[in-house]
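Residue numbers (my numbering): 4 to 159. These notes concern the structure reproduced below.
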């Protein structure tokens with residue numbers, strides 16, 4: 004399980020994912036569109052998806068370069084996700100919670116990251132989210148300046 008919650012808003016032609024971490028907003032288009040030719044790269048990229056039974060399959064491209072953290076990426080990175088419901092019994096032990104929760108509703112995100120310039124082959128990880136009460140989503144209040152200072156080795 005991850006420590007920062009997400010909220011998923013689903014409509015007929017789009018899924019919007021709000022993430023507490025960095026207050027990210029991500030849109031996944033479900034209307035069959037292709038990736039645009041002239042769209043700029045962005046931090047969240049451009050995502051299109053479709054359903055395969057009970058599994059949502061998302062492809063994301065047009066990501067801006069981000070070379071920090073465990074999973075660096077370039078403008079050539081492609082991410083494929085398979086998102087489906089599972090149970091607590093079928094998922095690994097929890098790594099962290101926003102609050103204790105006995106819910107057995109688990110959402111699994113299987114991610115495959117590909118970028119021939121960075122990786123010898125596709126990199127895979129599965130992330131698990133547990134359903135929490137609607138009021139558990141908070142504003143993320145950690146200014147970017149603190150991150151930059153930490154990266155520069157400063158203390159405060």
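Quick reminder that beta carbons are idealized off the backbone N, C-alpha and C, glycines included.
Using 7 angstroms as the threshold, is the C-beta distance between residue i and residue j below it?
i, j, result
"residue 111", "residue 77", "no"
"residue 18", "residue 31", "yes"
"residue 82", "residue 116", "yes"
"residue 85", "residue 113", "yes"
"residue 118", "residue 80", "yes"
Relative to the C-alpha of residue i, which residue among the options is closest?
i, options, result
"residue 109", "156, 30, 15 and 95", "95"
"residue 9", "153, 148 and 133", "133"
"residue 92", "154, 22 and 131", "131"
"residue 16", "153, 42 and 54", "54"
"residue 125", "135, 75, 151 and 156", "75"
"residue 120", "128, 154 and 70", "70"
"residue 27", "14, 72, 7 and 148", "7"
"residue 73", "42, 128, 41 and 156", "128"
From which residue to which residue does the beta strand (DSSP E) around residue i run?
i, result
"residue 129", "126 to 133"
"residue 111", "109 to 117"
"residue 10", "9 to 13"
"residue 78", "Residue 78 -> no beta strand (DSSP E), and no H or E assigned at all."
"residue 59", "58 to 64"
"residue 19", "17 to 22"
"residue 52", "49 to 55"
"residue 38", "Residue 38 -> no beta strand (DSSP E), and no H or E assigned at all."
"residue 30", "27 to 32"
Assuming residue i contacts residue j under a Cβ cut-off of 8 angstroms, what Cβ separation, rounded to an integer in Å, is found between them?
i, j, result
"residue 33", "residue 52", "5 angstroms"
Exercise. Do the region 62 to 78 and the region 42 to 51 make contact, defined as three or more Cβ pairs closer than 8 angstroms?
Worked result: yes
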